[in-house]
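Written out below as C-alpha cells is the structure these notes cover.
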Ligand SMILES: C[S@@+](CC[C@H](N)C(=O)[O-])C[C@H]1O[C@@H](n2cnc3c(N)ncnc32)[C@H](O)[C@@H]1O
C-alpha cells in the first residue's frame, strides 16, 4: 500500500531540489557544539534536512517509512 508520502515522493521529479527547513542549519550547529557523533533523522523523507545535518560532522542515519526508487 502506498502512503500519502510515498505518492508525494514518487510523483515529484524535483525532489532533490527541495530547500531544507529553516531550523536544519541551526540544529546542525547545536549538535556540533554538543559534540554529537551520531544523529538519527527519524522520518527523514527524501533527506533534505539529513544532508544539512552532515555539516555537524556527525554520522547521520536517516530513516523513513516511505521509500524512493
Ligand atoms: C512532513 S514529512 C517530513 C519529511 C522530512 N523530515 C522533511 O522535513 O523533509 C513526514 C515524513 O514522515 C514519514 N513517516 C510517517 N510515519 C512514519 C513512521 N511511522 N516511521 C518512519 N517515517 C514515518 C513520512 O513517510 C514522511 O516522509
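Numbering (my numbering), first residue to last: 793 to 861.
Heads up, the beta-carbon is just placed ideally off N, CA and C, and yes, glycines get one too.
Residue(s) in a DSSP beta bridge with residue i
i	result
residue 833	854
Spatial neighbours of residue i in its chain, beta-carbon cut-off 7 Å, leaving aside the 5 residues before and after
i	result
residue 858	795, 797, 798 and 801
C-alpha gap between residue i and residue j, whole angstroms
i	j	result
residue 826	residue 850	11 Å
residue 856	residue 845	16 Å
residue 811	residue 840	7 Å
residue 818	residue 838	19 Å
residue 833	residue 854	5 Å
residue 814	residue 820	11 Å
residue 852	residue 836	11 Å
Exposure label - residue i; buried when at least 16 CB within 10 Å
i	result
residue 804	exposed
Beta-carbon contacts of residue i that lie in its chain and below 8 Å, excluding the five residues immediately before and after
i	result
residue 823	831, 845, 848 and 850
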